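A.B. asks: Below are the structure tokens for one structure; questions will follow.
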DNA sequence: GTCTATACCGTGATAGAC
DNA sequence: GTCTATCACGGTATAGAC
């Protein structure tokens with residue numbers, strides 16, 4: 010085969026790119042197949058219905074992502090004293106693997122995270138799909154944050170996480186709005202700036218509300 | 010006519026509710042018409058194409074919303090000393106009119122703001138539609154924040170606003186995810202808690218990054 | 001097992017008749 | 001204002017090639 014990629018991987022990559030931009034209903038099996046350079050029926054053969062393709066794409070990168078975020082947390086916990094890592098260190102561990110993923114030269118991770126933005130903000134998909142793949146990881150981080158913020162109530166921690174999640178997924182979405190609003194001073198694809206501001210911003214927010 | 014509402018208002022209300030949940034592509038003119046209890050062609054007759062219906066719905070409430078947010082800013086500026094209002098006061102003026110709208114007994118505003126969440130996070134619609142209706146208002150608030158945070162660079166102000174915007178629109182989306190994540194301790198529709206935490210959280214974030 | 005071609009049948013947007 | 005026809009598109013099943 011001339012390409013390294015198998016056809017079924019091409020189908021998932023195409024689906025990922027299209028779902029990221031157009032959401033579930035804005036994509037057709039025919040467009041996915043066309044972008045992947047394969048016949049319409051092949052996606053169906055490999056992955057079943059359109060809904061199965063969607064879920065398969067959403068799940069494909071989640072394990073490796075959760076893995077690296079868990080490792081980042083363990084690393085900062087290992088180097089901390091008996092009080093555990095600071096809020097900043099925890100937030101940084103939570104966010105840096107995402108910055109790294111978005112900065113990869115390949116567009117796959119960028120597309121995937123834009124899809125996460127779509128799912129997270131969807132009244133249809135948000136609750137079910139985000140929870141099933143990411144809640145376990147988030148709970149581990151909440152435990153770490155509770156230790157760093159001993160006066161916090163659970164309610165405060167979850168609402169603070171909600172704020173972080175919204176800001177983060179808007180960053181994933183890469184809409185270009187900040188480019189326009191700032192008249193070019195900021196760019197949606199400037200991840201260094203996005204995360205460089207997000208980490209101190211979110212840390213201060215958690216400490217203010219939960220302090 | 011038995012109902013107070015005109016048919017064309019019913020069409021816009023139905024479209025608003027459906028677009029809020031399903032996004033642009035997840036909604037059909039037939040479903041809008043069916044929910045409004047009118048014939049398919051009537052929506053077309055009143056508002057033109059589906060795209061026009063979408064834009065019409067998005068614009069319908071924007072002016073009154075911008076108006077009340079502008080008034081809230083002017084009110085807190087009027088009661089401030091010559092240094093102008095604090096960051097907290099500005100953020101509060103920006104957010105409280107939204108809380109009030111979401112708390113209205115009628116679902117119209119809730120649906121509208123969920124639609125804003127969809128648009129804000131969409132790579133397709135976000136840049137163009139959010140900018141055309143809301144950037145003028147945001148710039149007025151940025152000016153006020155710049156005065157309250159004289160050491161801030163423009164880049165910092167815009168990235169902080171980006172964080173606020175993401176958290177806010179996730180709150181609009183009403184996905185129910187926080188209900189599940191918190192095992193019922195927090196609820197997506199508990200606006201008092203959402204804004205009560207958001208205002209100090211965001212104020213601290215702005216001050217940390219721009220201080 | 002992998003893949004293509006094609007067919008089926010429902011649904012959708014929209015224009016034009018009334 | 002309303003009803004209906006048109007015509008394109010979409011999900012998916014099937015037949016069979018390689």
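Protein chains in written order, with my numbering: chain A, 10 to 220; chain B, 10 to 220. Even glycine gets a Cβ: it sits at the ideal position worked out from N, Cα and C. All values reported here derive from a predicted model rather than from experimental measurement.
Roughly how many angstroms lie between the CA atoms of residue 191 (chain B) and residue 137 (chain A), to the nearest whole one?
C.D. replies: Numbered from its first residue, the second chain carries residue 191 (chain B) at position 182. Numbered from its first residue, the first chain carries residue 137 (chain A) at position 128. Residue 191 (chain B) and residue 137 (chain A): Cα-Cα distance of roughly 14 Å.
A.B. asks: Please give me, in chain order, every unbroken run of the alpha helix (DSSP H) with length at least 4 that falls completely inside the stretch 37-75 of chain B.
C.D. replies: Segments of the alpha helix (DSSP H) lying fully in the stretch 37-75 of chain B: 38-45, 49-56 and 59-69.
A.B. asks: Quick one: what does DSSP say residue 196 (chain B) is sitting in, helix, strand or coil?
C.D. replies: The residue you call residue 196 (chain B) lines up with position 187 of the second chain. Here residue 196 (chain B) sits in coil by DSSP.
A.B. asks: Using a C-beta cutoff of 8 Å, does residue 152 (chain B) count as contacting chain A?
C.D. replies: For the purposes of this step, residue 152 (chain B) is taken as residue 143 along the second chain, with counting starting at 1. Judged by the 8 Å Cβ criterion, residue 152 (chain B) is not in contact with chain A.
A.B. asks: Could you give the distance in angstroms between the alpha-carbon of residue 255 (chain B) and the alpha-carbon of residue 96 (chain B)?
C.D. replies: Any question about residue 255 (chain B) goes unanswered here, given that chain B covers just 10 to 220.
A.B. asks: Put residue 1 (chain A) into one of helix, strand or coil per three-state DSSP.
C.D. replies: Beyond the ends of chain A as shown, which are 10 and 220, falls residue 1 (chain A); an answer cannot be given.
A.B. asks: Taking 8 Å as the threshold (beta carbon to beta carbon), is residue 35 (chain B) in contact with chain A?
C.D. replies: By 1-based counting over the second chain, the position of residue 35 (chain B) is 26. Yes, contact with chain A.
A.B. asks: Residues of the stretch 168-187 of chain A in Cβ contact with chain B at a cutoff of 8 Å, in chain order, please.
C.D. replies: The residues in question are 168, 169, 170, 171, 172, 173, 174, 175, 176, 177, 178, 179, 180, 182, 183, 184, 185, 186 and 187.
A.B. asks: Output, in chain order, the set of chain A residues within a Cβ distance shorter than 7 Å of residue 210 (chain B).
C.D. replies: Locating residue 210 (chain B) in the second chain gives position 201, counting from the first residue. Going along chain A in sequence order, the residues near residue 210 (chain B) (Cβ under 7 Å) are 169, 172, 214, 217 and 218.
A.B. asks: Measuring CA to CA, which of B:218, B:193, B:195 and B:200 is closest to residue 203 (chain A)?
C.D. replies: As a working mapping, residue 203 (chain A) is identified with position 194 in the first chain. Comparing Cα positions, the closest option is B:218.
A.B. asks: Sort A:150, A:60 and A:41 by Cα distance to residue 80 (chain A) and report the nearest one.
C.D. replies: On the first chain, residue 80 (chain A) is found 71 positions in, with the first residue counted as 1. Selected option, being the one with the closest Cα: A:150.
A.B. asks: On the DSSP letters alone, give me the boundaries of the alpha helix (DSSP H) that residue 90 (chain B) sits inside.
C.D. replies: Numbered from 1 along the second chain, position 81 holds the residue referred to as residue 90 (chain B). No alpha helix (DSSP H) contains residue 90 (chain B), which DSSP labels as neither H nor E.
A.B. asks: Can you tell which of A:75, A:14, A:90 and A:100 has the C-alpha that lies nearest to the C-alpha of residue 122 (chain A)?
C.D. replies: Counted from its first residue, the first chain places residue 122 (chain A) at position 113. Ranking the options by Cα distance to residue 122 (chain A), first place goes to A:75.
A.B. asks: The alpha helix (DSSP H) spanning residue 33 (chain B) covers which residue range?
C.D. replies: Working through the second chain from its first residue, we reach residue 33 (chain B) at position 24. Counting along the chain, residue 33 (chain B) falls outside any alpha helix (DSSP H), and DSSP gives it neither H nor E.
A.B. asks: If you drop the 5 nearest sequence neighbours on each side, which residues of the same chain put their C-beta closer than 8 Å to that of residue 86 (chain A)?
C.D. replies: As a position in the first chain, residue 86 (chain A) is number 77, starting the count at 1. So the qualifying residues of the chain are 93, 94 and 153.
A.B. asks: Quick one, which of A:183, A:178 and A:184 has its alpha-carbon nearest residue 182 (chain B)'s?
C.D. replies: In the second chain, the residue the question calls residue 182 (chain B) occupies position 173. Nearest C-alpha to residue 182 (chain B): A:178.
A.B. asks: Using Cβ-Cβ distances below 7 Å, what residues of the stretch 136-165 of chain A are close to chain B?
C.D. replies: Taking 7 Å as the Cβ-Cβ cut-off against chain B, the residues of the stretch 136-165 of chain A that qualify are 136, 139, 140, 144, 147, 163, 164 and 165.
A.B. asks: For residue 193 (chain A), does the count of other Cβ atoms within 10 angstroms reach 16, so buried, or fall short, so exposed?
C.D. replies: Walking along the first chain from the start, residue 193 (chain A) turns up at place 184. The residue is exposed, with fewer than 16 neighbouring Cβ atoms inside 10 Å.
A.B. asks: What does residue 190 (chain A) touch in chain B if you count any residue whose Cβ is under 7 Å from its own?
C.D. replies: Locating residue 190 (chain A) in the first chain gives position 181, counting from the first residue. What residue 190 (chain A) touches in chain B: 140, 144, 147 and 167.
A.B. asks: At which residue ranges does the stretch 134-174 of chain A contain complete alpha helix (DSSP H) runs of 4 or more residues, listed in the order of the chain?
C.D. replies: Those alpha helix (DSSP H) runs which fall completely within the stretch 134-174 of chain A and span 4+ residues are 140-157.
A.B. asks: Following the continuous alpha helix (DSSP H) through residue 111 (chain B), name the residue where it begins and the one where it ends.
C.D. replies: The residue you call residue 111 (chain B) lines up with position 102 of the second chain. Start and end: 96-112.
A.B. asks: Using 8 Å for Cβ pairs, my map puts residue 78 (chain A) next to residue 146 (chain A). What's the rounded Cβ distance?
C.D. replies: Here the question's residue 78 (chain A) lines up with position 69 in the first chain. Here the question's residue 146 (chain A) lines up with position 137 in the first chain. With a Cβ gap of about 6 Å, residue 78 (chain A) and residue 146 (chain A) count as contacting.
A.B. asks: Of all the options A:169, A:213 and A:201, which has the alpha carbon lying nearest to the alpha carbon of residue 105 (chain A)?
C.D. replies: Residue mapping note: residue 105 (chain A) aligns to position 96 of the first chain, counting from 1. Here the closest residue by C-alpha is A:201.
A.B. asks: Taking 8 Å as the threshold (beta carbon to beta carbon), is residue 133 (chain A) in contact with chain B?
C.D. replies: Residue mapping note: residue 133 (chain A) aligns to position 124 of the first chain, counting from 1. Yes, because at least one Cβ of chain B sits closer than 8 Å to the Cβ of residue 133 (chain A).
A.B. asks: If you measure between the beta carbons of residue 62 (chain B) and residue 50 (chain B), is that distance less than 8 Å?
C.D. replies: Residue numbering aside, residue 62 (chain B) sits at position 53 when the second chain is read from its first letter. Residue numbering aside, residue 50 (chain B) sits at position 41 when the second chain is read from its first letter. Contact: no.
A.B. asks: May I have the straight-line CA-CA distance separating residue 19 (chain A) from residue 27 (chain A), to the nearest angstrom?
C.D. replies: In the first chain, the residue the question calls residue 19 (chain A) occupies position 10. In the first chain, the residue the question calls residue 27 (chain A) occupies position 18. About 12 Å.
A.B. asks: Just mark residue 22 (chain B) as buried or exposed, buried being the case when its beta carbon has 16 or more other beta carbons within 10 Å.
C.D. replies: As a working mapping, residue 22 (chain B) is identified with position 13 in the second chain. Under this definition residue 22 (chain B) is a buried residue.
A.B. asks: For residue 194 (chain A), which residues in chain B fall below 8 Å Cβ to Cβ?
C.D. replies: Here residue 194 (chain A) refers to the residue found at position 185 when the first chain is read from its first residue. Neighbours of residue 194 (chain A) on chain B, chain order: 163, 164 and 167.
A.B. asks: May I have the straight-line CA-CA distance separating residue 25 (chain A) from residue 215 (chain A), to the nearest angstrom?
C.D. replies: The residue you call residue 25 (chain A) lines up with position 16 of the first chain. The residue you call residue 215 (chain A) lines up with position 206 of the first chain. Cα to Cα, the separation comes out at about 33 Å.
A.B. asks: Grab me the residues of residue 10 (chain A)'s own chain with a C-beta within less than 7 Å of its C-beta, minus the 5 sequence neighbours each way, in chain order.
C.D. replies: What you label residue 10 (chain A) is simply residue 1 of the first chain in a count that begins at 1. Here the model assigns residue 10 (chain A) a pLDDT of 42, short of 50, so the residue's position is not dependable and the matter cannot be decided.
A.B. asks: Buried or exposed: which applies to residue 101 (chain B), given that a residue is buried once 16 or more other Cβ atoms fall within 10 Å of its Cβ?
C.D. replies: Along the second chain, one-based indexing puts residue 101 (chain B) at 92. By the neighbour-count rule (16 or more Cβ atoms within 10 Å), residue 101 (chain B) is buried.
A.B. asks: Can you confirm whether residue 23 (chain B), when its beta carbon is compared against all beta carbons of chain A, has any partner nearer than 8 Å?
C.D. replies: For this step, residue 23 (chain B) is matched to residue 14 along the second chain. It does not; no Cβ of chain A falls within 8 Å.
A.B. asks: So with CB distances below 7 Å, who are the chain A contacts of residue 207 (chain B)?
C.D. replies: Taking the first residue of the second chain as position 1, residue 207 (chain B) is located at position 198. Those within 7 Å of residue 207 (chain B) in chain A are 172.
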